[in-house]
Amino acid sequence: MSIEQLVRPNIRRLQPYTCARNEYTGDARAWLDANENSRICVYNRYPDPLSLAVKERIGKLRGVSAGQIFLGVGSDECIDMVYRVFCTPGTDNAVAIDPTYGMYRVCADINDVEYRAVDLGEGYELDAEALLAATDAHTKVIWICSPNNPTGNAFDPDTIVEVARRFNGITVVDEAYIDFSPLPSTVSRLAECPRLIVMQTLSKAWAGAALRLGIAFASAEIVDIFNKVKYPYNINVLTQREALRLLDAEDHVRAVAAELSDARDRMTAELVMLDTVEHVYQSAANFLLVKVADPDGLYAWLRDRGIIVRNRNRVNMCSGCLRITVGSESENKLLLQSLKEYDTLRN
Ligand SMILES: *Cc1c(COP(=O)(O)O)cnc(C)c1O
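So that you can map any letter, position 46 of the sequence shown is 54 in our numbering, and since no number is skipped, the others follow by simple counting.
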C-alpha cells in the first residue's frame, strides 16, 4: 500500500499552516514578517521551524539525509504523530509487542485507536508471525521497541525488516536504547522498507532528557507529512542549540555508552550472586530487568533508603520483576550494598 493510501483522509487533504519562517529562509536586512519584538534581543526571533542545522548533524551521524528526519518534542511527539497521521479514531487499530513502552498504548487511547498487545515469546523473543496474525484490514501501525523497554533485549534487525516488508501498514521501531546495543540500528534498512519509521531520542545515551528531542527517521514522503501536521515551531531555539552541543560530544557519548554497557554486565554478575535475585535478563540497554523473590517488598525497602527503581511486578510477563537503571558508579555501589544488606537481613 502507498503512504498516500495509508494516511488519514483529512490529513491527506490538510492545507498546512504556513509560518513566516517557512515562506522565506535566506538572510534579510529587515525581518518584518513575524511580528517579533526587534528592540529586545534575547529570544525575540522564532526558531528555524524545521531545525535544519540539527537534522544535518544527526543525518551525518546516522548516515541519512536531513530530509529523512523528523524532530519532535521527545519521542512522545513522534509516537503521537504516528497515530494522528495514520490512524482514523474509532476505526483503525495498532498492534504492538507486549510488554513494551507504555506510551504506545496511552497515545492510542488518547487518539481513540484500538491497541492490540501481542505477547512476546517465553524468553521475550519477537514473534513475527504472531504480530502479523494480529493485524487486519484496519491495522495501520505495528510497534516494535528494540532494545525493548522493560525487557532490555534487542531483536534481530532481519526479523524486524521481515515484519516491515510483509506488513502493508507502517512499522515503527523505537530505538531509544540503540546506542547501548551490540546489534545494528535499522536506520540503514530504510531504503528497503518504504513504510518503516525508526525512532531515536536524545533522552538516554545522549544525556539530553531535559531538552526533549525525539527523532523519527523515515522516507522523505512520511517526513513531509509529519512536518505538515506538527506545531509550526515545535523545537525551541534552546533545544536546537543545546542539541547541537550534545551531538558535538559524539565521541564522549559513545565512550560513556560503552562504559555503561560494561557497568551493566558487571552489575549483572553481582546481582546473580544474591539470594533474593532469581534471574537477571540479558540486556542490550542501560537498565536491567531483575526477577526477585519479593518485588513489592524489595521495592519498598529500597525506596525507604532513597533508592528508586521501577517496579514492573504488575506488568504482563514481568511478574516478580524490578527494572533497574545502570547509574553513576556511586549509585550502582549504593544499590549493590543495599541489596547485600537486604539479603543478609532476609536470611
Ligand atoms: C525513554 C524512552 C523513550 C524516550 O522518550 P522521550 O520522549 O524521547 O524522552 C522512548 N522510547 C522508549 C522505549 C523509552 O524507554
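Quick reminder that beta carbons are idealized off the backbone N, C-alpha and C, glycines included.
Consult DSSP for residue i and reduce its assignment to one of helix, strand or coil.
i, result
"Ala-224", "strand"
"Met-207", "strand"
"Cys-86", "helix"
"Val-50", "coil"
"Phe-78", "strand"
"Glu-286", "strand"
"Thr-333", "strand"
"Trp-151", "strand"
"Lys-299", "strand"
"Glu-133", "coil"
"Thr-33", "coil"
"Phe-188", "helix"
"Gln-248", "helix"
"Thr-108", "coil"
"Arg-92", "helix"
"Trp-309", "helix"
"Ser-73", "coil"
"Ala-145", "coil"
"Ser-291", "coil"
"Asn-340", "helix"
"Ala-38", "coil"
"Ala-138", "helix"
"Asp-56", "coil"
"Thr-159", "coil"
"Ser-193", "coil"
"Glu-349", "helix"
"Ala-215", "coil"
"Glu-44", "coil"
"Leu-128", "coil"
Where does the unbroken alpha helix (DSSP H) through residue i begin, and where does it stop?
i, result
"His-260", "258-279"
"Lys-238", "Careful: Lys-238 lies outside any alpha helix (DSSP H) and carries neither H nor E."
"Thr-179", "Thr-179 -> not in any alpha helix (DSSP H); beta strand (DSSP E) instead, spanning 178-182."
"Leu-14", "11-14"
"Ile-1", "Because the chain spans 9 through 355 in this model, residue 1 falls outside it and cannot be assessed."
"Thr-26", "Note, Thr-26: premise wrong, no alpha helix (DSSP H); not H, not E."
"Asn-18", "17-20"
"Pro-165", "165-174"
Using only the alpha-carbon positions, how far apart do residue i and residue j sit?
i, j, result
"Arg-220", "Gly-82", "4 Å"
"Glu-130", "Val-298", "16 Å"
"Phe-234", "Cys-27", "15 Å"
"Ala-61", "Asn-244", "13 Å"
"Leu-140", "Glu-337", "43 Å"
"Thr-99", "Glu-122", "8 Å"
"Ile-19", "Asn-119", "14 Å"
"Arg-322", "Asp-304", "10 Å"
"Ser-59", "Val-334", "32 Å"
"Arg-262", "Trp-214", "9 Å"
"Glu-85", "Gly-222", "7 Å"
"Leu-344", "Gln-290", "18 Å"
"Glu-12", "Arg-21", "11 Å"
"Ile-48", "Val-181", "44 Å"
"Ser-46", "Ala-251", "26 Å"
"Asn-43", "Tyr-54", "10 Å"
"Ser-154", "Val-90", "18 Å"
"Ser-196", "Ile-66", "14 Å"
"Ala-257", "Leu-69", "12 Å"
"Ala-145", "Ala-228", "25 Å"
"Val-206", "Ala-226", "7 Å"
"Ala-104", "Ala-138", "10 Å"
"Val-296", "Gly-80", "The amino acid at residue 296 is misidentified as Val; the sequence shows Leu. Leu-296 and Gly-80: Cα-Cα distance of roughly 27 Å."
"Val-169", "Thr-209", "21 Å"
Could you pull the DSSP bridge partners for residue i from this structure?
i, result
"Tyr-123", "Ala-102"
"Lys-68", "DSSP, once it has assigned bridges, lists no residue as partnering Lys-68."
"Asn-319", "Leu-330"
field: Validate contact between the stretch 188-208 and the stretch 153-172 using beta carbons, cut 8 Å, 3 pairs
entry: yes
- request: Count the CB pairs spanning the stretch 88-100 and the stretch 145-154 that are closer than 8 Å, and state whether there are at least three.
  value: yes
query: Counting Cβ pairs closer than 8 Å, one from the stretch 327-337 and one from the stretch 285-301, do we hit at least three?
result: yes
query: Pairing CB atoms from the stretch 166-182 with CB atoms from the stretch 194-201, are three or more of them under 8 Å?
result: yes
message: Contact between the stretch 341-348 and the stretch 274-294 is defined here as three or more beta-carbon pairs at a separation below 8 Å; is this criterion met?
response: yes
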